[in-house]
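Residue numbers 116 to 189, in this note's numbering, belong to the letters of the sequence shown in order.
C-beta: ideal position from N, C-alpha, C; glycine also.
All remarks here apply to the structure that follows.
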Amino acid sequence: MKLESLVQKAQDGNQEALEGVIVGIQDMVYYLSLRMLANPEDAKEATQEIIIRIITKLSTFQHDSKFKTWVYRV
């Protein structure tokens, strides 16, 4: 299923869709964190914090841009 449709379903309260969103972005977030921090353990910790922030702010995503673009801004 496409990430954008998973996001919409997750915003509507679908737990499985939320898990799909997390799986769909966690590698991207980790590799970005690793590039910025250069330490795998720090990158893992940062990834967890970022994913928590994304989950808590998911309701603010307006679908004006691609979801991955929004993730980079969070």
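Considering Cα atoms alone, identify which of the options is closest to residue i.
{"i": "residue 158", "options": "164, 167, 148", "result": "148"}
{"i": "residue 162", "options": "176, 173, 141", "result": "141"}
{"i": "residue 125", "options": "156, 172, 151", "result": "172"}
{"i": "residue 116", "options": "176, 132, 180", "result": "132"}
{"i": "residue 127", "options": "180, 188, 176, 184", "result": "176"}
Taking the Cβ atom as the reference point for each residue, do residue i and residue j lie within a distance shorter than 9 Å?
{"i": "residue 144", "j": "residue 167", "result": "no"}
{"i": "residue 182", "j": "residue 136", "result": "yes"}
{"i": "residue 178", "j": "residue 134", "result": "no"}
{"i": "residue 169", "j": "residue 186", "result": "yes"}
Answer with buried or exposed for residue i, where buried requires no fewer than 16 other C-beta atoms within 10 angstroms of its C-beta.
{"i": "residue 153", "result": "exposed"}
Please go through the region 154-181 and give each complete alpha helix (DSSP H) segment of 4 or more residues, from N-terminal end onward. Counting only runs of 4 or more residues that sit fully inside the region 154-181, the alpha helix (DSSP H) segments are 155-172, in chain order.
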